[in-house]
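As numbered in this note's numbering, the sequence shown has no gaps in its residue numbers, which increase by one up to the final residue, 185.
For each residue, glycine too, the CB sits at the ideal point set by N, CA and C.
Keep in mind the model is a prediction, meaning the values are calculated, not measured.
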Amino acid sequence: MTNTVKLLCLTILISTGISCTDTQSKHILETNTYSITVPSNWKLGKIQGIDSSVDVIITDKQDSIFSDFGWYSNSFSEYILIDNINQKAKIHEPFLPTLLLTSLSDLSNSIDIEHFYYYDTIDNRLAKIIVPHNKYNGVTSIYFKEIDSLNRFSMYSSTLTSEDRLKLLDSFKTLKFKD
7 MTNTVKLLCL TILISTGISC TDTQSKHILE TNTYSITVPS NWKLGKIQGI
57 DSSVDVIITD KQDSIFSDFG WYSNSFSEYI LIDNINQKAK IHEPFLPTLL
107 LTSLSDLSNS IDIEHFYYYD TIDNRLAKII VPHNKYNGVT SIYFKEIDSL
157 NRFSMYSSTL TSEDRLKLLD SFKTLKFKD
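And the structure:
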């Protein structure tokens, strides 16, 4: 009877695809300005920045994920589209400039049809996260408008596989900034 139960449990585990290798080991990468938890086979490199601290994370597939901490980090700006000046007073988004549409031709030049934008709170700071519509290419990034009174932070890559993009999005949640 107990052998039957063991065999049944083993069969269920195998048939549902549960395995011990589903959880990939991770490690924490430390820089001068932040830490982030990433897959253990991703490595940290340093790049010489002119007016900011620039680092690069190299994935196991040799793709690059860049980070920039400084005054001029890329904000990956997009706009809130409004068609009437009274709407502007109702908008309270902290990062988004508004763009008044004067014609339908403005619309096609203003909407980024290649990426989704959303906001999350990470390390008690508001972050703008950008992911491509197309799972095969496009920029994956995160942006913090204010890390301290002077500096912004961005991390981005345009070369990731869809699998590594998901790993990076998961890693974004682990960002911790140093005081």
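Going by C-alpha to C-alpha distance, which of Ser163, Lys184, Gly144, Gln68 sits closest to leucine 174? Ser163
Touching by the beta-carbon criterion (3+ pairs, under 8 angstroms), the stretch 126-133 and the stretch 42-62: no
Let me know the beta strand (DSSP E) ranges lying completely inside the stretch 35-72, each 3 residues or longer, listed in chain order. 40-45, 49-53, 58-64
Given threonine 65, which residues of its chain have a CB within under 6 angstroms of its CB, disregarding the five upstream and five downstream residues? Trp48, Asp170
Given a cut-off of 9 angstroms, decide if aspartate 69 and valine 60 are closer than it, judged by their beta-carbon atoms. no
Compute the Euclidean distance between the alpha carbons of valine 137 and lysine 32, then round it to the nearest angstrom. 22 angstroms
With distances taken Cα to Cα, identify the nearest neighbour of isoleucine 141 among His121, Ile135, Ser168, Lys151. It should be pointed out that residue 141 corresponds to lysine in this sequence rather than to isoleucine. Residue Ser168 is the option with its Cα nearest to lysine 141.
In the stretch 143-178, which residue ranges form an unbroken beta strand (DSSP E) of at least 3 residues, counting only runs that do not cross its ends? DSSP runs (the beta strand (DSSP E)) wholly in the stretch 143-178: 146-150, 158-163.
Taking the straight line between their C-alpha atoms, what separation do you get for leucine 166 and asparagine 143? So the two alpha carbons sit approximately 7 angstroms from each other.
By the three-class DSSP mapping on this structure, what secondary structure does leucine 2 have? This structure leaves residue 2 out entirely; the chain is present only between 7 and 185.
For a test of the three-state rule: what should DSSP assign to aspartate 126, helix, strand or coil? Three-state DSSP puts aspartate 126 in a strand.
DSSP on aspartate 1, reduced to helix/strand/coil? As displayed, the chain neither begins before 7 nor continues past 185, which places residue 1 out of reach and without an answer.
Assumed close pair threonine 39, leucine 50 - CB separation to whole angstroms, cut-off 8 angstroms: With 8 angstroms as the limit, threonine 39 and leucine 50 do not qualify as a contact, their Cβ atoms being about 12 angstroms apart.
Check whether methionine 161 and isoleucine 153 have beta carbons under 9 angstroms apart: no
On a Cα-Cα basis, can you pick out the residue from Ile63, Asn157, Phe72 that is closest to isoleucine 34? Ile63
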